[in-house]
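Peer 1: My questions all concern the structure below.
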Amino acid sequence: MAFNIYDFTSFTEWIDQGLRSVMSPAWAVITELAIIGIVFLVFYALIGLILVYAERKICAFIQCRIGPNRVGPYGIFQTIADFIKLLMKELIHINKADKLLFNLAPFIVIIASFMALSAIPFAKGLHPVNLNIGIFFILAVSSMGVVGILLAGWSSNNKYSLIGAMRSGAQIVSYELSVGLSILTACVLIGSLQLSVIVESQADGWLIFKGHIPAVIAFVIYLIAATAETNRGPFDLAEAESELTAGFHTEYSGIKFAFFFLAEYMNMFLVAAIAATIFWGGWMPFHIGNWEGFNRVMDFIPPIIWFFGKTVVIILIMMWFKWTFPRLRIDQLLTLEWKYLLPINLINILLMALIVLLGWHF
Amino acid sequence: MNNEVLKEKILAVLPKAEFAPAGQWLTITLPKERIRSYCQTLKDSPELRFDFLFCQTGLDLADQFQVIYHLESTEFRYVIVLKASIPNKENPEIDTVSDIYRTAEFHEREIYDFFGIHFKQHPDLRRIFLDEISDMIGHPFRKDYKDEVNIIER
Amino acid sequence: MIEDTVIGSIEQQEYTINMGPQHPSTHGVLRLVVSLKGEIVTQVKPHLGYIHRGIEKMSESMTYPQIVHLTDRLDYLSAHINNHALCLAVENALQVEVPERVKYIRTIMDELNRIASHQLWWCSFGMDLGALTCFFYGLRDREYILDIFEESCGSRLLHSYYTPGGLMKDIHPGFQKRVKDFIKYFRKVLPEYDQLLTGNVIMQERTRGIGNITKEEAISYGFTGPSGRGSGFACDVRKHHPYALYDKVDFQEVLYHEGDSLARYQVRIGEMWESMKIIEQLIDNIPEGDYSAKMKAVIKLPEGEYYQRVEAARGEFGVYILSDGGKTPYRLKLRSPNFSNLSAIDLLARNFKIADLIAIGGSLDLVIPDIDR
Amino acid sequence: MELNEIMFVIFGAVIVFFSILTVTSRRILRAATFLLFVLVATAGLYFWLNYEFMAAVQVTLYAGGIVVLIIFSILLTSNINDRFEKVAGRKVIFSALAAIAGAILCITTILQQEFQATEALAREVNMNVIGRSLMNYGENGFVLPFEVISVLLLAAMISAIVIAKKSKSK
């Protein structure tokens, strides 16, 4: 078997065949699930560590500081040190909290982001499940994360937490509409919800170029709404450090706090990956229509690099948002969604349908 | 601004005003009953317009309490000082001016806290700084206040 | 109707939260008891006294040079200016004429202190709004001023540089050059502040029309300093009751008339420009001479009362001294600007949201030790 | 047992277990959380049937939408220390009997029905098919129910706005 970084299909099939040849199909499936689970756990932790480190360095550069620089060269082990610290910290038990829900909440948040991750195509042939409604599935399971935030806020029996949870509930329920509609705009052009098909259909140009005006509008709206969905600045009202101390996770400590923290970064990776997949072609290299030579050159860069490169660019944009803008107020946040983004989105989806029907796209 | 001219203007609206010997600013001494009417007149008079109470001080003198009002006219930039004396040291009382100058609400709470001077009709007369210190009894800025634990006499 | 009563009781329920004594945005140990209806503030009750040290009472058993060190501890961000007030009060009482050089240095130091204070206000205001990057920009530039202070005063925050009659020590030989370098640098950097925060749509939306106070109310509440001038209340002591060299230098009293948080913000930004103007006029002309007037070893104030008003970074600061002729004051009262400014917070924040309460608190620029004297 | 059946049993057990917890819990938010698990497990059953579209709809609408709204309204109205009253013994017996009777009725009906095994393999439901049948007015078309539901939702939204407006003007 030749290991091919341009196409993982043969690689995954080889693993599957190998497993099936030594054990019964049922056990093979279970083993595959276990492998995927372990790989994802490692991946999850790794992405979390890298993103936390990147966030610190980038915010340091934006703020004219150096950032972490003591633990390891350029401070690259800083986040690991912090995670060890968080792991060893005392888990503070709150007497009057609803303990079951209090302990459950971080898991719901983290499971929701974990499940959503399972449908992302990382490279050609490298996606755990290829559902025919992939994008819809991601939206569905990631919408469950808000339940964890609401439970965390309520069960802490803290007024700041409760206000934070309320804000986050109102915010996420509203912005889910915009996320869904802007993705739907893209799907109108592609005509499929299956992520592998979405990526394949962008072989002759990324969607943001193919769909020109409405696609760009949808992308911008998606970026705004996704930032809001992940509770990141300037939409970090649920935590709103200056008003609500830490919002919904005020009472959490140690590893449970780390779960929320990790889930926030994971969600950021997730929405960036979705944006990259839908609007920037996922792992598809940068292709221009019929320029065969140019496309060939682009194909030399492995798809997995294309995917992570695009995701990283979008994550950088989101970090740039956070460290530049002041926080919005809750009513301004809802006004932005219901009075601006939603109507623009609805008109945009009509425009896209029109363009698809008249064939004005590339 | 010449103090003499100001004196005449004040006498025009407050004929009974008594002036103290010249200090930094023109000073009017008055019994505590008149404080509200004086403040109201000084604020409303179109010639004077003393609308800015920039300082209110409580004072424990040997035979009386005093409350000192530093007033400024933001229009004409006059400054005068009102001194209301409260001879009753057992149960000191004076009218509030917190409805005329809103800033007095906090200042009067502070004076009440430190001197125990009771401001009649004050909307919210509670101790402002010392209310939650349970072992702090009495009013520490009075000269007869004794606290053997916290204050070292020199 | 059952539904009506249920809805009614929910609407009437007051939701009270305690902001402070430990809270990231009260800038110290201030406790605000906030009543809420949903997210809307219905009442704010400040509870004070968590760091009350009884400075006025302590002063009654201290000599005047000792009290100077206590005034630092009030509004620690305008320590020079507080010192200035006490020193001027004592000097006026003794009718001492301080040397010209001292006046120049004091004025420059006061203005540098004002800039440093406004820089810190700017960064914490940005942080109150959630713009964390501001914090580091402001602190970075404040370091320059603190370095200048350290060189001449030996201290970065609580200087106690002024004494009755003059200064503790002469300025450092490199003082003028450092100050000029700073002004040159800060003239370039200040527009950056505008680019980062002032021009931001979110920031403007968060502050415009928020926390309004009219001119009449501002006067009535004793709302001084940049907060009062944001409401159009011309309350700059430097202009109206000049001390030191303020009657000789040319500067503008920055006035805005909207009375909202944005106006207060713009007043402070404007004041930084004006302070730089004042320093530039004085820095090259510091005359030679003594750094202190001749004073007696034991300062005894003649019997009488003395009041000195100065313009601190947050508003009018006043020192009232009643002397019985001894070496300690009979009564010393400190009129602190933040105390009066805080009294209006209920009026300002009522019917706005919690997030606005934070923005309003930030725009008042409260320093808690100044309130809890 | 095959893996398939094990999965079914697991999902069934989860549904039954959390359903019972939902109705017996005395804390309202816990009940809502258990309901969430029931709904997610139901979605799991749809996945098990390879009916992904339905599963995703189940998760979006019920787990992500309705449970969130329920929890949201609980947050707005109830205190953390609130508990339901303990139900009197007689009521417990009666409701248990009613539940068991209902279960028996359902199970016997299902058992009596003879399900015919279809030869057709599970057809992959394409998005195009779903979309077209939703907008179709011919045979197997769903445009009428779709539109009727839209009108219902519109009415609900308008009434919600009216209620919200009314309390504001007071």
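Chains as they are written, first to last, in my numbering: chain A, 101 to 462; chain B, 14 to 167; chain C, 7 to 379; chain D, 210 to 379.
Where a beta carbon is used, it is the ideal one built from N, C-alpha and C, also for glycine.
Who are the Cβ neighbours of tyrosine 106/A in its own chain at under 8 Å, not counting the five residues just before and after it?
Peer 2: Lys224, Asp399, Pro402, Pro403
Peer 1: For asparagine 337/D, count the other beta carbons within 10 Å of its own beta carbon; 16 or more makes it buried, fewer makes it exposed. Which is it?
Peer 2: exposed
Peer 1: Strictly under 9 Å for the Cβ-Cβ distance: is serine 378/D near chain A by that measure?
Peer 2: Confidence at serine 378/D is low in this model, with a pLDDT of 45, below 50, so the placement of that residue should be treated as unreliable; the coordinate-derived value is given next. Interface criterion not met: the Cβ of serine 378/D is under 9 Å from no Cβ in chain A.
Peer 1: With DSSP run on the structure shown, which of helix, strand or coil describes glycine 253/D?
Peer 2: helix
Peer 1: Quick check on serine 346/C - is its C-beta less than 9 Å from some C-beta in chain A?
Peer 2: no
Peer 1: Apart from the five residues just before and just after alanine 117/B, which ones in its own chain have a Cβ nearer than 8 Å to its Cβ?
Peer 2: Leu66, Gln69, Thr109, Val110, Ser111
Peer 1: Comparing C-alpha positions only, which one of Leu288/C, Cys129/C, His58/C, Gln28/C sits nearest to leucine 38/C?
Peer 2: Gln28/C
Peer 1: Going straight from the alpha carbon of leucine 428/A to that of arginine 212/C, what length do you get?
Peer 2: Rounded to the nearest angstrom, the two C-alpha atoms are 7 Å apart.
Peer 1: Using the beta-carbon count (16 or more within 10 Å), is serine 2/C buried or exposed?
Peer 2: The structure shown does not extend to residue 2/C, since chain C is modelled only from 7 through 379, so no value can be given for it.
Peer 1: Specify whether the region 237-246 of chain D and the region 189-203 of chain A touch according to this definition: at least 3 beta carbon pairs, one from each stretch, less than 8 Å apart.
Peer 2: yes
Peer 1: For serine 15/C, which residues in the same chain have their Cβ closer than 8 Å to its Cβ, ignoring the five residues on either side in sequence?
Peer 2: Any answer about serine 15/C is weak, because its pLDDT of 47 lies below 50 and its placement is not dependable; what the coordinates show is given next. Correct list: empty, nothing qualifies.
Peer 1: Cβ of alanine 265/A within 9 Å of Cβ of alanine 252/A?
Peer 2: Contact: yes.
Peer 1: The beta strand (DSSP E) with glutamine 79/B in it runs from where to where?
Peer 2: 78-85
Peer 1: For glutamine 72/C and lysine 245/C, I'd like the C-alpha separation in whole angstroms.
Peer 2: 30 Å
Peer 1: Is there a C-beta anywhere in chain C that falls below 9 Å from the one on leucine 19/B?
Peer 2: no
Peer 1: Considering alanine 216/A, what are the terminal residues of the beta strand (DSSP E) in which it resides?
Peer 2: That residue, alanine 216/A, is in no beta strand (DSSP E); its alpha helix (DSSP H) goes 199-217.
Peer 1: If we call anything under 9 Å between Cβ atoms a contact, is serine 58/B one with glutamine 77/B?
Peer 2: no
Peer 1: In three-state DSSP terms, what is alanine 319/C?
Peer 2: coil
Peer 1: For isoleucine 238/A and serine 282/D, what's the separation of their Cα atoms in angstroms?
Peer 2: 26 Å
Peer 1: Could you check if aspartate 73/B is buried or exposed, using at least 16 other CB atoms within 10 Å of its CB as the buried criterion?
Peer 2: Buried, because 16 or more other Cβ atoms sit within 10 Å of the Cβ of aspartate 73/B.
Peer 1: Can you tell me whether DSSP reads cysteine 68/B as helix, strand or coil?
Peer 2: strand
Peer 1: Can the beta-carbon of isoleucine 64/C be found less than 9 Å from the beta-carbon of leucine 83/C?
Peer 2: Per the sequence shown, residue 64/C should be read as methionine rather than isoleucine. In this structure, leucine 83/C does not lie closer than 9 Å to methionine 64/C by Cβ.
Peer 1: Considering only the beta carbon of each residue, do aspartate 182/A and valine 152/A sit closer than 9 Å?
Peer 2: Contact flag set, yes.
Peer 1: Give me, in chain order, the residues of the same chain whose beta-carbon lies closer than 6 Å to that of histidine 58/C; leave out the 5 immediate sequence neighbours on both sides.
Peer 2: Cβ neighbours of histidine 58/C beyond the five flanking positions: Asp378.
Peer 1: At a Cβ cut of 7 Å, what residues of the region 255-277 of chain D count as close to chain A, listed as they run along the chain?
Peer 2: Glu261, Phe262, Ala265, Val268, Thr269, Ala272, Gly273, Val276, Val277
Peer 1: For isoleucine 121/C, tell me which candidate among Asp78/C, Lys183/C, Val273/C has the shortest Cα-Cα distance.
Peer 2: Val273/C
Peer 1: For threonine 139/C, which residues in chain A fall below 8 Å Cβ to Cβ?
Peer 2: Cys159, Ile162, Gln163, Trp423, Thr424
Peer 1: Can you tell me the Cα-Cα spacing of alanine 328/A and glycine 234/A, whole angstroms?
Peer 2: Cα to Cα, alanine 328/A sits roughly 22 Å from glycine 234/A.
Peer 1: Return the CA-CA distance between phenylalanine 239/C and aspartate 64/B, expressed in angstroms with no decimal places.
Peer 2: One C-alpha to the other measures close to 12 Å.
Peer 1: Could you name the residues of the region 141-158 of chain C whose beta carbon sits closer than 8 Å to any beta carbon of chain A, in the order they occur along the chain?
Peer 2: Phe141, Phe142, Tyr143, Arg146
Peer 1: Is the Cβ of glycine 265/C closer than 9 Å to any Cβ of chain A?
Peer 2: no
Peer 1: Is glutamine 49/C helix, strand or coil when you go by DSSP?
Peer 2: If DSSP states are grouped into helix, strand and coil, glutamine 49/C belongs with the strands.
Peer 1: Can you list, in chain order, the residues of its chain with a C-beta nearer than 7 Å to that of phenylalanine 309/A? Leave out the 5 residues immediately preceding and following it.
Peer 2: Phe462
Peer 1: Can we say the region 29-49 of chain C touches the region 341-361 of chain C, given the rule of at least three CB pairs closer than 8 Å?
Peer 2: yes
Peer 1: Alpha carbon to alpha carbon, how far is glycine 136/C from glutamate 300/A? Give it in angstroms, no decimals.
Peer 2: 41 Å
Peer 1: DSSP state of threonine 467/A, grouped into three classes?
Peer 2: Residue 467/A falls outside the range modelled here, since chain A spans only 101 to 462, and no answer is possible.
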